[in-house]
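Q: Just add 7 to wherever you are in the sequence shown, counting from 1, and you've got our numbering. Even for Gly, the Cβ is constructed at its ideal location relative to N, Cα and C.
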Amino acid sequence: MSIDTSHLAIYPKTLFPYATAAAERVVNAGGRFVYYTTADTANQILRKRQIWMRNTRVMNDFMEVDHGLQCLKDAYASEAGSSLKANMERHHAGITGEFENLFNGWIPKIRSGTFVTCLSEHSSAEDSFGRLSMWRAYGGTAGVALVFDGGVLIRPSDALAAYSSPVAYIDGLGMQQEMAAIAAAIAREPQLFDQTTREEALGSLFHMFRFAAVCTKHPAFSEEQEWRVVAMPSLSSSLLVANEVETIGGVPQQVLKIPLQDQPDQGLIGLSPATLIDKVLIGPCEHADVIAQAMQEALAMAGVPNPNERIVFTGIPLRPNQR
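#1: Compare the beta carbon distance of residue 160 and residue 171 with 7 Å and say whether it is the shorter of the two.
#2: Alpha carbon to alpha carbon, how far is residue 29 from residue 231? Give it in angstroms, no decimals.
#3: Would you call the segment 98 to 110 in contact with the segment 255 to 267, where contact means no fewer than 3 C-beta pairs closer than 8 Å?
#4: Would you be able to state if there are at least three C-beta pairs under 8 Å between the segment 57 to 70 and the segment 293 to 304?
#5: With a CB to CB cut of under 7 Å and the five nearest residues on each side skipped, what residues in its chain are close to residue 280?
#6: Just confirm the distance between the C-beta atoms of residue 120 and residue 241, as a whole number of angstroms; I'd bet it's less than 8 Å.
#7: By Cβ distance below 6 Å, which residues in the same chain neighbour residue 276 in space, the five residues on each side in sequence not counted?
#8: Among 228, 213, 130, which has the Cα closest to the Cα of residue 35?
#9: Give, in chain order, every unbroken run of the beta strand (DSSP E) that is at least 3 residues long and sits entirely within the segment 144 to 169.
#10: Once the 5 residues before and after residue 224 are set aside, which same chain residues still bring their CB inside 6 Å of it?
#11: Evaluate residue 353 with the Cβ neighbour count: other Cβ atoms within 10 Å of its Cβ, from every protein chain shown; 16 or more gives buried, anything less gives exposed.
#12: Quick one: grab the DSSP three-state call for residue 247.
#13: Pick helix, strand or coil for residue 24, following the three-state DSSP scheme.
#14: Kindly indicate which three-state DSSP category residue 96 falls into: helix, strand or coil?
#15: Report the three-state DSSP secondary structure of residue 233 (helix, strand or coil).
#16: Just to confirm my understanding: we take residue 298, look at its own chain, exclude 5 residues before and 5 after, and list those with CB closer than 8 Å. What are they?
#17: Which of the three DSSP states, helix, strand or coil, is assigned to residue 299?
#18: Looking only at its chain, what residues have a beta carbon closer than 7 Å to the beta carbon of residue 58, apart from the 5 residues adjacent to it on each side?
#19: Please name the residue, chosen from 202, 212, 113, that lies closest to residue 83 on a Cα-to-Cα basis.
#20: Expressed to the nearest angstrom, what Euclidean distance is found between the alpha-carbon atoms of residue 95 and residue 21?
#21: Could you spell out the range, first to last residue, of the beta strand (DSSP E) harbouring residue 319?
#22: So is residue 112 buried or exposed if we call it buried at 16+ other beta carbons inside 10 Å?
#23: Using DSSP with H/G/I as helix, E/B as strand and the rest coil, what is residue 2?
#24: Along the beta strand (DSSP E) that carries residue 40, what are the first and last residues, could you check?
#25: What is the rounded straight-line gap between the Cα of residue 245 and the Cα of residue 207?
#26: Using C-beta distances below 7 Å, list every residue in its chain close to residue 92, excluding the 5 sequence neighbours before and after it, in chain order.
#27: Assuming residue 156 contacts residue 283 (C-beta within less than 8 Å), just tell me the rounded distance between them.
#28: Could you check where the alpha helix (DSSP H) with residue 221 kicks off and where it finishes?
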């Protein structure tokens, strides 16, 4: 069965309540995200006008997809899962068996063929210094953070076949609670699902479980406040996104390259650097002044207005053990 990604937008408040609440929280906080990285990577993003998506198997926390899948398995076998299945069966008899076969058949590709870019929520309280734990995790000896206007992540668009989602920092019990809430929401709104075709219902269930698998992390990482842009070329791809092999850290690997360019006819607005880049934070660095000058030039080349006003020196000292 082919799966239409347009089903991602069906009843988001009912099937994606966690993501809906997170999006509202981000908007109320100013609607910004931040990408903590090295000065070299930030420079490449600005000069090439690209953001790369990497396979989850080569990311720092490559076991996360397995964590999400295990949480889903446990929740689906629990009372919450039974409630979800019963509510769906009321609208489409026999659908749970079809869904289980569909999702289980895709698990190998979800594990091996998912690409992500990871961002973090950014509050106004972090405008001066960023977040120390993120500098320590991702900055190295030349830390830079790109602060983005997050509107492009919140607005729906199929242009890139890549979709944003907040990370849920939960364990098996937390997943059960989320699944129980979704089952209850379906029970409260039967008229919505009476109007849904069987194919739409299957697609919606599939995407709900797929994002839960890819965007669930151990609760200990909650300080990251992470969001992920997720793509799966074997499921859906875009001609706008290049799929190429690059060597990163000595490892040749497939990467997806998102062009920082608007596609207004496809609802993709706010991705060009001129509107995307809000600030550039210069974190713990050995050569902060030199890096700031390079970032200012890269911003200008990318068409970002008033580049000198975008640079923020955090003044965070580089500790000896970071050198």
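A: Let me spell this out:
#1: Contact: yes.
#2: Cα-Cα distance, rounded: 14 Å.
#3: The way I'd put it, the segment 98 to 110 doesn't touch the segment 255 to 267; fewer than three beta-carbon pairs between them come closer than 8 Å.
#4: As far as the Cβ criterion goes, the segment 293 to 304 does not touch the segment 57 to 70, which means the pair count is below three.
#5: Excluding positions up to five away in sequence, the list reads 53, 56, 267, 309, 310, 311.
#6: The Cβ separation is near 5 Å, so the contact holds.
#7: Excluding sequence neighbours, residue 276 sits near 269.
#8: When 228, 213, 130 are compared, the shortest CA-CA separation from residue 35 is found for 130.
#9: Counting only runs of 3 or more, we get 149 to 156.
#10: The residues are 71, 174, 176.
#11: Coverage of the chain is limited to positions 8 through 330, which leaves residue 353 absent and any answer about it impossible.
#12: Residue 247: coil per DSSP, three-state reduction.
#13: Residue 24: helix per DSSP, three-state reduction.
#14: Helix at residue 96.
#15: DSSP places residue 233 in strand when its eight states are reduced to three.
#16: Within the same chain, residue 298 has close Cβ partners 46, 149, 151, 289, 292.
#17: Three-state result, residue 299: helix.
#18: The answer, listed in chain order, is 52, 124, 265, 267.
#19: Checked all of 202, 212, 113; the closest Cα to residue 83 is 212.
#20: Distance between the alpha carbons of residue 95 and residue 21: 13 Å.
#21: Element bounds for residue 319: 318 to 320.
#22: Exposed: under 16 other Cβ atoms inside 10 Å.
#23: Any answer about residue 2 is impossible in this case: the structure gives the chain only from 8 up to 330.
#24: Membership of residue 40 in the beta strand (DSSP E) is indicated by the continuous run 39 to 45.
#25: Residue 245 and residue 207: Cα-Cα distance of roughly 22 Å.
#26: Its chain contains 103 as the residues whose beta carbon lies nearer than 7 Å to that of residue 92, once the 5 sequence neighbours on both sides are disregarded; these appear in chain order.
#27: The C-beta separation of residue 156 from residue 283 comes to about 6 Å, placing the pair in contact by the 8 Å criterion.
#28: It spans 205 to 221 - the alpha helix (DSSP H) in which residue 221 sits, taken as one unbroken run.
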